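Novice:
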Amino acid sequence: MTPPPDPLPFPDSLCHRCAAPPRYVQTRTTTFIMCPLLPQKYAPQPVRACSLFRPHDPPQG
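Each residue of the sequence shown is one higher than the one before, starting from 141 at the first, in this note's numbering.
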């Protein structure tokens with residue numbers, strides 16, 4: 141898993157909370173969020189609804 145950048149791009153996007161998990165691809169000027177489940181891979185951000193979204197399990201303990 142690629143660690144998320146700090147600060148998160150599009151912090152309200154569902155992608156950050158998805159169990160998929162997303163991959164963050166950074167260029168010199170921007171960060172792209174790649175979804176391993178979507179056929180188009182790079183959904184327009186911010187994602188507010190997604191039929192493939194599954195919440196990431198919170199850490200135990």
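Cβ coordinates follow ideal geometry from the N, Cα and C atoms, glycine included.
None of these values were measured; they are calculated from a predicted model.
Got a sec? Which residues, its chain only, sit under 7 Å from PRO144 by beta carbon, not counting five neighbours each side?
Specialist: Once the five neighbours on either side are set aside, the close Cβ partners of PRO144 are HIS156 and TYR164.
Novice: Go ahead and label PRO195 buried or exposed: buried means 16 or more other beta carbons lie within 10 angstroms of its beta carbon, across all protein chains shown.
Specialist: PRO195 should be labelled exposed.
Novice: Should LEU154 be labelled buried (16 or more other beta-carbon atoms within 10 Å of its own) or exposed?
Specialist: Buried, by the Cβ-count rule.
Novice: Comparing alpha-carbon positions, which option in PRO186, PRO184, LEU178 and ALA189 lies nearest PRO161?
Specialist: When only C-alpha atoms are compared, the closest one is LEU178.
Novice: When DSSP labels each residue in this structure, what does ARG203 get in the three-state scheme?
Specialist: Missing from the structure shown is residue 203; the chain here goes from 141 to 201 and no further.
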